[in-house]
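Comments concern the structure below.
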Amino acid sequence: MADMYDLHFATTSAVYDEQVKQVLTKWSGDEHLVGFKDYFERTWVTSAFWRWQCFHTRSGFATTNNPVEQFNRLIKRYYTLRTKHKIGTLVQLLADCCQHQSVTPKVFKVLPEPTQQLKARVKDFRRRDLLLDRTPGRSSIEFLLASPNLNEVRVLSRGCSRVYLPELGRSRETAPVSAQMGTNYDRMEMEGQPDGSWSVDVTAMTCGCKYYFKFSICIHLLFALQVKSYTGLDGKRTLVNRTVARKRRRTRQATLHISGASSQVRAGRPRTNGHALSMD
């Protein structure tokens, strides 16, 4: 499956052409994959439905051959429950689907929304220092020489360790269930990380990782927005109220009144002040 994910996440046509040659050659050397190799080449590479790579579609949009497949997934998940039904029952389920979808409002969104999984992932990784801010400080030599973009955040992604579970026959991340991700998607967050950190632009909302290339959102971007005190992808910053609370102001005035001190400072030079440089 790793080879197919690499082909799907190819960034350009040239990269895909080079990778597909290597993958087909690799599969040809395995007698167990010869049949699958012929099927894959015939159906996924040379057929009319071969545009399933990410570079054919803008980031954040569906990359399937047909957008109707997304609605097909909804029918299987919420109505048929991925089981076979007789014709009469199936017609009733489809009628219910049409009725529900016709009255359910659909909001057209222009920005990607982070899933709860990504939010939980950023929170867990930040707590365990698996995501770090490597942006040069203003007093560093690198900042003075490179003159970096103030809207750019250098995010170091360390990745999450995985443990093999014999009862499941696969590995799983050492993270909360709500923050866990599949092996191949997890690999796309790390693969190709330059110089130990990703360059994230919080103004353009861009990141260089392959996960962002497909979904137009990633943990590195969410982390960078938190570092820059943004509330989300809408470009708004977190506002901090620094005014003194009314209750605290009243308590302070009452304390000054009890101690005999005046709450108002008189204008002018205090009479008790001595000459300049005087210790008296």
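The numbers in my numbering rise by one with no breaks, and the one at position 95 of the sequence shown is 107. Glycine included, every Cβ here is placed at the ideal spot set by N, Cα and C. Just so you know, these numbers come straight off a predicted model, no measurement behind them.
Per DSSP, reduced to three states, the secondary structure at residue 167 is strand. The shortest C-alpha to C-alpha distance from residue 173 to any of 180, 191, 71, 165 is the one to 191.
When the five nearest sequence neighbours on each side are left out, the beta carbons in the same chain lying within less than 6 Å of the beta carbon of residue 215 are those of 163, in order along the chain.
If you check the CB distance, residue 75 and residue 226 come in under 8 Å.
In this structure the stretch 97–111 does not lie against the stretch 203–219, because fewer than three pairs of beta carbons, one per stretch, are closer than 8 Å. Annotation: residue 62 is outside any beta strand (DSSP E) and is labelled neither H nor E by DSSP. In the DSSP annotation of this structure, the continuous segment of the alpha helix (DSSP H) that includes residue 50 starts and ends at 46–52. Nearest C-alpha to residue 67 among 181, 235, 230, 224: 224. Each of 41, 109, 62, 248 was checked against the Cα of residue 83, and the nearest Cα belongs to 109. Around the C-beta of residue 13, fewer than 16 other C-beta atoms lie within 10 Å, and the residue is accordingly described as exposed. Linking residue 45 to residue 88 through their CA atoms gives a straight-line distance of about 30 Å. C-alpha of residue 56 to C-alpha of residue 167: approximately 36 Å in a straight line.
The beta carbon of residue 233 sits closer than 7 Å to the beta carbons of 212, 217, 219, 224 from its chain, once the five residues preceding and following it are set aside; these are given in chain order. For the options 175, 194, 27, the alpha carbon positioned closest to that of residue 186 is the one of 175.
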